[in-house]
Each structure stands twice: as structure tokens, then as C-alpha cells.
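> Let me give you the structure first, and then I'll get to my questions.
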Amino acid sequence: MPSESVPNLADKYRKEFSVFQNLHYLNSCSQGALANSVKRGLAEYVETMEIHGSSWGEWAGYQERARESVSTFFAVPKHEVAITTSVSAAISAVASALDFTGVRKKIVLTENDFPTSGQIWHAQEIRGATVVHAPANPDGTVNMGALLEMIDTETALVCISHICFRNGIRTELEPIIEAAKKVGALVMIDAYQSVGSVPIDINELRPDFLVGGTLKYLLGVPGTAFLYARSETTSELIPTTTGWFAARDIFTMGIHEYDPATDARRFESGTPAVPSLYPAVAGLEIINSIGINDIYAYVSGIHNAIREGLESLGASIVTPRDPIKHGAMLAIASRDQNAHVAALEEYKVITSCRDGNVRISPHFYNDDSDVEAVVSAFAKTRELLA
Ligand SMILES: Cc1ncc(COP(=O)(O)O)c(C=O)c1O
């Protein structure tokens, strides 16, 4: 359980999430639990349409509120934040801005990246890119020595998943960013599995790009994601995957030229996913009001309590124990991942699975009753442990 010096966030906030009346919800790595205020956000969109009919002004305002909330969350300027409809859209826009016809053709990835990242970067091979993957160590962590060796003067960009969606392994970002900076390569962090549950200090780390979405630990619904683009190092990059919402002046409605915004908005595209912006802003408001450091401290306690309980059952925990090598998620090796998730659900414990592992992903709304329920459900389904 979280130590006594850490505020008990579940005590204060759990009642705002109706799902806990029915279930032990521990699947925030897939999607966050629905908060009442997030639900109200969705309703507000519908009401706006019913009251005003069309409402372009308010819609555009919500895109800006989302930008503001993300910039507050990371303590970075708004002009360095683009609001996109998915992480895939954000990565694609950046990829389209890179020129692979010169010396810098290389994209460095790992074995722990999300499929969309691997697929988008490999798609750039058609445009001249060479894509390499740093190997994994036997325990699934990124082989840092091999990765750092791959970063050289031919490297255009290194794209790293901060926390792996399959096994919960966190990769240390500092040495990678430092190595890339030394040779003038760009770095993109895919923070979707960490944002909202693990602190990320952009001002300290100074990555060139960081992508994430609001669906998981930021409590939103599908359709709102973001790109941070450091203006100091990326302002010369002009995307060719674009759209009218990326124009310098959206309202010129020109069709005879491409005149992208000069700030990060140039990485945006067409009409925002407006119904998703309302709940995204509501979710970010909750996270910003609690503060990421308290969330991290609290969730670490829940993570450790689950780990201890499952270890006592003899479970094989794939996610490393070292706190700098994991975030919220615990991945548990399973004999049959789908049957395992279904069996846990029989006991009202909601998890998910990938790559032969059951993923348990707590957040600040989980409490001791969830810890007990998950350990008890694993005990009752012990035969599925690998
Ligand atoms: C680490 C990571 N990156 C990217 C994605 C995909 O994001 P999107 O569907 O918004 O493109 C996910 C989704 O689960 C993810 O976990």
C-alpha cells in the first residue's frame, strides 16, 4: 500500500468513477476509467449542439483549451504543442517533414516500440529512410549499449517508447537524448504509456519531440492526442502530411498555396475530433489539479502492493522491480493470456493482455480493495500462471 506520507488519492477521487461500483478496474494502460466530469464533458458537447446547432467558435476554443491543458501539464509553451487525433497522426506528420535523400537517412527504434511507431517509420523506407532496431536484453529491457552505438551522424531521428505497452518496461531517456544531441540527431519520445502516471520533465530532458494521447492515464476518450515539438530544434521542419487546421491562417481558405503555421500547430491536420476534446480537457483538468508527482507516488505504492501479493503466489512478473525501469503497469507471464484475462473478469477484475502477459495497470483511483481483489483473483486462477 502507499506509504502514509503519500496522500491517499483513491480516498478522495474514487467516488468520481462509477465503474468502481461494479468492478475492480485495473486497465488504465488501455483506457482510463471514466470520471463523472469526463462524462459531463461528453454530455456538454451534445448539449451545445442541441442548444446552438452548429458551434464552430466553441469547437475551436476547445482545441485551444486542450492545447492549454497539455502545455500546463508539461509546463511548456502552448506554441510548442500540437493537438492531433492520434499518436499515429502526430508521428506521421513529423515523419513527413523529414528528408531522407541526404546523409541522415537512419531512424533508430527498439524492440519495445508500439506497432504504429514501427510501421510508420518503416513506411518511410519508401522515401529513402533506413530503419534499425536496437536489440532487447534477455529480460526484455532495451540493450542500451547497442542502442547508443547505433546513434551516429547518419541518424535522422531516434524514436523511443518511454514505457513498453507489452511488458511495462521503462527505458531511461537521458543517455539516449544526450547521445543524439552529440551527433545532431533528433529524438522523439512516445510517452503514451507513461503520460499521466509517471513524471516526465520535458524542460530537463529536452527531447525534440514527445507524443502521447489522452485516452489512458490522462482519463479522456479516443480522438485526442498531442505532439510536443521543441521550437529551438524543430522549427525548420515542415510537414507534408497536413491539412487546413495546420495553416498559418485557417480562415484564408486558400487553395493555391501551402502556408503552414510557424508554431507546432503546423503538425495538425483537418477538423479536430471535437466530441473528444471536451472529455480530454475534463480529464486533463483532473490530472493537473492532483499533480503528477502525487499520482506517481501513490500509484507506485499500489504497484508495489500488487507485486508483493502476486510474488507470494509464485507469479512470474515480467516488469522489472527497479522503480526506474517500470511505471504503473505490471505484466504477469501467463499460460493463456486471453483465458487468463477472461478468468480474472469472472471475479470482476478488469485487466488486459499482450505478448503472453496479463497487464495490470493501476491509477490513482485504485485502492486496497482492488489490490486484494486482484491478488485473490490471481490466486483463484493460479493454474493460468506461467
Ligand atoms: C506506447 C503507445 N504508442 C502509441 C499508441 C497508439 O496510439 P494511437 O492509436 O493514438 O495512434 C499506443 C496505444 O495503445 C501506445 O500504447
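Residue 366 in numbering that gives the first Met the number 0 sits at position 367 of the sequence shown; the count goes up by one each step and never skips.
Built from N, CA and C at the ideal position, the CB exists for glycine as well.
(1) Alpha carbon to alpha carbon, what distance is there between S70 and N287?
(2) Based on the DSSP secondary-structure assignment, which residues constitute the bridge partners of C352?
(3) Under a CB-based cut-off of 8 Å, is P114 close to chain E?
(4) I'd like to confirm the pairing. Which residues does DSSP put opposite S288 in its beta bridges?
(5) Kindly indicate the opening and closing residues of the beta strand (DSSP E) around H121.
(6) Please check the pair L276 and Q62, which I expect to be a contact at CB under 8 Å, by giving their CB distance rounded to whole angstroms.
(7) Count Cβ pairs between the segment 90–104 and the segment 211–222 that sit closer than 8 Å; are there 3 or more?
(8) If you follow the alpha helix (DSSP H) that T154 is in, where does it begin and where does it stop?
(9) Taking 6 Å as the limit between beta carbons, can you name the residues of its chain near A296, skipping five residues before and five after?
(10) Taking only three categories from DSSP, how would you classify T129?
(11) Shorter than 7 Å, the distance from the beta carbon of F225 to the closest heavy atom of ligand 1, or not?
(12) For the beta strand (DSSP E) holding K105, just list the boundary residues, first then last.
(13) Just the Cα atoms here: how many angstroms apart are E15 and L8?
(14) If you follow the beta strand (DSSP E) that D189 is in, where does it begin and where does it stop?
(15) Which word fits I162, buried or exposed, when buried means at least 16 other C-beta atoms lie within 10 angstroms of its C-beta?
(16) Output the residues surrounding ligand 1, defined as those with a CB atom closer than 6 Å to any ligand heavy atom, in chain order.
(17) For T223, which beta-bridge partners are listed by DSSP?
(18) Look at the Cβ atom of M328, then the Cβ atom of R358, and state whether they are nearer than 8 Å.
(19) Mark P238 as exposed unless 16 or more other C-beta atoms lie within 10 angstroms of its C-beta, in which case mark it buried.
(20) To the nearest angstrom, how far is the alpha carbon of L22 from that of K347?
(21) So, for A122: in the same chain, excluding its five sequence neighbours on each side, which residues have a beta-carbon less than 8 Å away from its beta-carbon?
(22) According to the Cβ coordinates, are H325 and P361 closer than 8 Å?
(23) Across which residues does DSSP place N26 in a beta bridge pair?
(24) Just how far apart, CA to CA, sit K271 and G308?
(25) Check this for me: beta carbons of I349 and N26, under 8 Å apart or not?
(26) Would you tell me roughly how many angstroms separate the C-alpha atoms of I106 and A88, rounded to the nearest one?
(27) Taking the C-alpha atoms as reference points, what is the distance between I82 and S299?
(28) For the alpha helix (DSSP H) holding V37, just list the boundary residues, first then last.
(29) Would you call the segment 33–42 and the segment 178–188 touching, i.e. three or more CB-CB distances under 8 Å?
(30) K390 to A376, Cα distance in whole Å?
(31) Taking only the alpha-carbon atoms, compute the straight-line gap between T318 and A332 and give it to the nearest angstrom.
(32) For Y24, tell me which candidate among A372, Y44, E382 has the shortest Cα-Cα distance.
(33) Using the Cα positions of E43 and D248, report the straight-line distance between them to the nearest angstrom.
(34) Using 8 Å as the threshold, is the segment 44–61 in touch with the segment 194–210, meaning 3 or more CB pairs across them?
This is what the structure gives:
(1) Near 11 Å, if we compare the C-alpha coordinates of S70 and N287.
(2) V357, per the DSSP bridge assignment.
(3) The question asks about chain E, but that chain is absent: this structure has only one protein chain.
(4) The partner list for S288 (beta bridge, DSSP) is empty, contrary to what the question assumes.
(5) Note, H121: premise wrong, no beta strand (DSSP E); alpha helix (DSSP H) at 114–122.
(6) About 6 Å separates the two Cβ atoms, so the contact holds.
(7) Taking 8 Å as the limit for Cβ pairs, the verdict is that the segment 211–222 does not touch the segment 90–104.
(8) In the DSSP annotation of this structure, T154 is not part of any alpha helix (DSSP H); the continuous beta strand (DSSP E) holding it starts and ends at 154–160.
(9) Cβ contact annotation for A296 (same chain, cutoff 6 Å, sequence separation greater than five): V5, in chain order.
(10) Note: T129 maps to strand in three-state DSSP.
(11) Checking the 7 Å criterion, the Cβ of F225 is out of range of every heavy atom belonging to ligand 1.
(12) Segment 105–108, the beta strand (DSSP E) holding K105.
(13) The C-alpha of E15 lies about 11 Å from the C-alpha of L8.
(14) DSSP places D189 in the uninterrupted beta strand (DSSP E) bounded by 185–189.
(15) I162 is buried by the Cβ-count criterion.
(16) Going by the Cβ distance cut-off, the answer is S85, V86, S87, F113, T115, S160, F164, D189, Y191, Q192, G212, A224.
(17) Beta bridge pairing from DSSP links T223 with no other residue.
(18) Their beta carbons are under 8 Å apart, which means M328 touches R358 by this criterion.
(19) It is buried - the Cβ of P238 has at least 16 other Cβ atoms within 10 Å.
(20) Between the C-alpha atoms of L22 and K347 there is a straight-line separation of about 5 Å.
(21) Closer than 8 Å at Cβ, skipping near neighbours: A94.
(22) One thing to note: H325 has its Cβ no nearer than 8 Å to the Cβ of P361.
(23) Its beta-bridge partners are S360.
(24) First, the amino acid is wrong: residue 271 is Pro here, not Lys. Cα to Cα, the separation comes out at about 44 Å.
(25) Pairing I349 with N26 gives a Cβ-Cβ distance under 8 Å.
(26) In a straight line, the C-alpha of I106 is about 18 Å away from that of A88.
(27) In a straight line, the C-alpha of I82 is about 29 Å away from that of S299.
(28) Segment 35–51, the alpha helix (DSSP H) holding V37.
(29) The segment 33–42 is not in contact with the segment 178–188.
(30) The displayed coordinates of the chain run from 0 to 385. Any statement about residue 390 would go beyond what the structure contains.
(31) C-alpha separation (whole angstroms): 10 Å.
(32) The residue from A372, Y44, E382 with its alpha-carbon nearest to that of Y24 is A372.
(33) Per the coordinates, the alpha-carbon of E43 lies some 28 Å from the alpha-carbon of D248.
(34) By the Cβ rule, the segment 44–61 does not count as touching the segment 194–210, because fewer than three pairs are nearer than 8 Å.
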